[in-house]
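Position one of the sequence shown corresponds to residue 1 (full-length UniProt numbering), numbered consecutively onward. Note that CB positions come from ideal geometry on N, CA and C, so glycine has one too. The block underneath contains the structure these notes are about, expressed in structure tokens.
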Amino acid sequence: PNATPELLLEIMEKNPQLMPGLESGNPKLAEALKTKSVSEVRMVLLQMHMEAASRQFQEQEELSALEANPFDTAAQAKIEERIRLSNVQKNMEIAIEEMPEAFARVYMLYIPCEVNGIPVKAFVDSGAQSTIMSSSCAERCGIMRLVDKRFAGQAVGVGTAKIIGRVHMAPLKIGNYFYNCSFTILDQQNVDFLFGLDMLKRHQCCIDLHKNVLRLHDATGGHEVEFLPEHEIPMSERSDPAIPASPLEREKELSSKRRKMRDEFLQKEKDAELRRKEQKDGAKLQSEMKRLREKMMMQRQEMAESMARDAQRRRDAGDWKEGDVGSKSQRTVSFKWDSKQFSHSDDTISRALREYGAIDSLKVKGSSAKVLFASKSAAAQAVRVEGHKDCWRSVSLKGHIVDFEDDATGPASETKHSTNYLPDGPIDLEEHLAFERLVLQKLRDRIRSHEARESVGVS
């Protein structure tokens, strides 16, 4: 079971050595435990449970979306991100197991020293170009009277600070030995004394982390000074928590947090309900569209059956002559129209064309239709009349005749008249394409002969 706030406070009171690890892993809970307030700890635990529930709900929603459409681009990106986060988590778990010290806080390096006889804790920073001292520390050490303000300016690094001036030389005692040191005085108070790279190189210093010492070299040899332990490091570096607020202020802050968490939870519930409603409406719309499609298919089927019955009735009654039947290719008329200007349906086409004769079948596809008349005379009449109407882009009857003359020179060509006919009835695609190629070749030959005669006449 989950630990109660009272139990957590009791554990941390008996085991204070666990606090640094908790600060690194869960700083919010660590801050709440430091206040020793049951309500504060309970609020942090509640917030943690809410965040965990929210993450679980979001993961469930993402899994549902992925299962619905796993090949979507956004879904694939989410899958990739989940795999990446899983790898990151595994890498972190391995690091915690094999190298736990990487998750502990690293304190900076400080050494004890004296400037002009005043004890100071110097921050050893090999990344700083110059040795720096704050104006307040220089006042305490009594060296502000030596500041050369001709070296005033602006220091630029992670931030910016005003340079008051420079102390060219002052006595610096490290351990039992004295060294000459120059200081750049800054108008900022976050660091008292920063021992920079200029003096580290000047005194041939070596940062020995194995022995935890700073080694200095001069004419007399090498001298060592140990770095300060954690409990002697300045308070600003240790970042101790500030004095907790009053109980009334804490209670006011907790009430604000509760209201915010409640509003967030209600908003998430509202969003989830809206998503469920949208999914339900989408399913209802799809069901309605499916019903309409089925109804339309049934109407088409009924129309086709009715047309077939009418055709059969006419055949049985003998309303048409046997010689007027012809093949399907002679009775099939193709209609095409511009879908941007006109719109035709099965009903409108059927009503418009029945005046020419009986219709056996009617098929509409996009902006074209194929009509099979019961007789070839009705098909021919429909082509002759409908072909002149503006509502059709083209009206064609399968099977046609192409007449042309052979332009070959010679006596035979003057009297011979060649006519190629497309065979009566249905033909296959290969024959049709071959016939079109032959016609195009004859047209090209006629154009070339005409151009040749014109060039001879000009010359």
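Looking at the DSSP output, M133 shares a beta bridge with I185 and F193. Exclusion of the five residues before and after K173 leaves C113 and E114 as the residues of its chain whose Cβ lies within less than 7 Å of its Cβ.
Here the alpha carbon of M199 sits roughly 10 Å from the alpha carbon of I132. Sorting W392, D360 and I207 by C-alpha distance to the C-alpha of D338 places W392 at the top. In the structure shown, the three-state DSSP call for Y110 is strand. Taken in chain order, the complete alpha helix (DSSP H) segments of 4 residues or longer contained in the segment 324-360 are 328-331 and 346-353. For the pair V44 and K28, the CB atoms are nearer than the 7 Å cut-off. Following the DSSP letters along the chain, one finds H168 inside the beta strand (DSSP E) bounded by residues T160 to I174. Remark: C-beta atoms of A352 and A374 do not approach each other more closely than 7 Å. Annotation for A304: no residue places its beta carbon closer than 6 Å to its own, counting only its chain and skipping 5 residues before and after. Runs of the alpha helix (DSSP H) lying entirely within the segment 360-395, each at least 4 residues long, are 376-386 in chain order. Taken through DSSP and simplified to helix, strand or coil, I207 comes out as strand. Counting only residues of its own chain and dropping the five nearest sequence neighbours on each side, S394 has a CB closer than 7 Å to the CB of K336.
Per DSSP, the beta bridge partners of P119 are E114.
Burial check for H203: the Cβ neighbour count within 10 Å reaches 16 or more, so the residue is buried.
If you check the CB distance, N212 and F195 do not come in under 7 Å.
Here the segment 82-99 makes no contact with the segment 145-157; the two share fewer than three CB pairs at distances below 8 Å. With respect to the C-alpha of V191, the residue from H49, K340, A32 and L109 having the closest C-alpha is L109. By a beta-carbon distance limit of 8 Å, R331 contacts K376. Their separation comes to about 5 Å. Ranked by how close their Cα comes to the Cα of H217, the residues M48, V120 and N180 have N180 in first place. Comparing alpha carbon positions, the residue from S361, R446 and Q279 closest to E302 is S361.
Rounded to whole angstroms, the separation of the alpha carbons of R55 and L292 is 41 Å. Note that the C-beta distance between G175 and V225 is below 7 Å.
Under a 10 Å Cβ-count criterion, L285 is classified as exposed, with fewer than 16 other Cβ atoms of the shown protein chains found around its own Cβ. Taking A128 as the centre and dropping the five residues before and after it, the same chain places the C-beta of L194, G196 and L197 closer than 7 Å to its C-beta, in chain order. Short of 8 Å from the beta carbon of I118, and not among the five residues preceding or following it, lie these beta carbons of its own chain, in chain order: R140, C141 and G142.
In this structure, A379 places its C-beta atom within 7 Å of the C-beta atom of L397. In its chain, beyond the 5 residues on either side, M19, L22 and E23 have a beta carbon closer than 8 Å to the beta carbon of A30.
Residue state for D445 is assigned as helix, using DSSP reduced to three classes. The three-state reading of DSSP puts N87 in helix, counting H, G and I together. Where E226 is concerned, there is no enclosing alpha helix (DSSP H), although the beta strand (DSSP E) around it starts and stops at G221 to E226. If you check the CB distance, L63 and A75 do not come in under 7 Å. Between I185 and A138, the C-beta spacing is below 7 Å.
Under the three-state reduction of DSSP, F71 is assigned to coil, being neither helix nor strand.
Annotation for L146: no beta strand (DSSP E) segment contains it, and DSSP assigns it neither H nor E. Here DSSP, grouped into helix, strand and coil, assigns D271 to helix.
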